[in-house]
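Have a look at the structure below, then the notes.
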Amino acid sequence: MDTERIKRKYRFNARFYDVLVRPLPLFKRLRVKAIERLRLRPGEVALDVGCGTGLSFELLEQGVGPEGRVIGVELSPDMLARAREKVTRHGWTNVALIESSAEEAPLPAASVDAVLCCWTNDIMNSKRAIANAVSALRPGGRLVATGVKLARGARGFLLNPLTNAYSWGAITTPITATPWAHLEELLGPLEVQEAAFGTAYIAYGRRRVEQE
Numbered sequence: 015m016d017t018e019r020i021k022r023k024y025r026f027n028a029r030f031y032d033v034l035v036r037p038l039p040l041f042k043r044l045r046v047k048a049i050e051r052l053r054l055r056p057g058e059v060a061l062d063v064g065c066g067t068g069l070s071f072e073l074l075e076q077g078v079g080p081e082g083r084v085i086g087v088e089l090s091p092d093m094l095a096r097a098r099e100k101v102t103r104h105g106w107t108n109v110a111l112i113e114s115s116a117e118e119a120p121l122p123a124a125s126v127d128a129v130l131c132c133w134t135n136d137i138m139n140s141k142r143a144i145a146n147a148v149s150a151l152r153p154g155g156r157l158v159a160t161g162v163k164l165a166r167g168a169r170g171f172l173l174n175p176l177t178n179a180y181s182w183g184a185i186t187t188p189i190t191a192t193p194w195a196h197l198e199e200l201l202g203p204l205e206v207q208e209a210a211f212g213t214a215y216i217a218y219g220r221r222r223v224e225q226e
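Going by the working numbering, the sequence shown runs without a break in its numbering and finishes at 226.
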């Protein structure tokens, strides 16, 4: 991951991110569906990798309850500052923030019950980042990723230029048709659901109990 390039992009994006992204129906719908797929339970620990401005925190915090914990990892200090404002404003005492790349975040092994990767194309394309997230999962823990992808066939010929165009300002690595490939390599077969005519996805997997 080109961490300095990502920081530069999001130094600008952070000022407008919530205003532009929060209201978009596709982004909102897939975020909700992804968190629902995590099937969080009270008392669990949820890890939000590439948490951005904390748009997923409210749903994650509701899922784990006051006795659980939410951990947000974000590389951009500007995005994390907005996330920190949300935490303070809502009074979430069980939400912890880590300023770090997903590749190098200090995540103790087998320490979380669920991992969310929401609209994190660069992270999904980094095997090192995904391996770090999977390592943090307890055996039997769940991981759900959602974001953009390239559509296949004639549909892709029409839609992929649009997907690349609107994503350009938020990514530093190319979008692929199977952004969950590193995750599948580490967890085994995933449940993958495509959306938006094949230009978006939700991928779900569990860490096998024998993956100690």
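Glycine included, C-beta positions come from ideal geometry on N, C-alpha and C.
Since this is a predicted model, take the numbers as computed values, not measurements.
Top-ranked residue by Cα proximity to residue i, from the options
i, options, result
"A128", "R83, A110 and I112", "R83"
"A145", "T190, N135, A123 and D92", "A123"
"L204", "R51, V33, D32 and S90", "R51"
"I189", "G161, V206 and L151", "G161"
"F71", "L40, I20, T107 and P39", "T107"
Beta carbon of residue i nearer than 8 Å to that of residue j
i, j, result
"M68", "R96", "Looking at the sequence provided, one finds Gly at residue 68 rather than Met. Yes, the pair counts as a contact, with Cβ atoms nearer than the cut-off."
"L54", "A48", "no"
"R156", "E117", "no"
"S115", "T17", "yes"
"L121", "A150", "yes"
"R103", "G154", "no"
"S90", "I20", "yes"
"A184", "K23", "yes"
Residue i versus residue j: straight-line alpha-carbon distance, rounded
i, j, result
"P193", "G57", "31 Å"
"Y180", "W133", "13 Å"
"L130", "M15", "19 Å"
"I112", "D92", "13 Å"
"G66", "E224", "32 Å"
"V78", "V33", "27 Å"
"A119", "L176", "33 Å"
* To do: Kindly confirm or deny that the segment 168 to 184 and the segment 75 to 94 touch, where touching means at least three C-beta pairs closer than 8 Å.
  => no
* Inter-stretch contact (C-beta, 8 Å, three-pair minimum) for the segment 156 to 171 and the segment 208 to 221 -> yes
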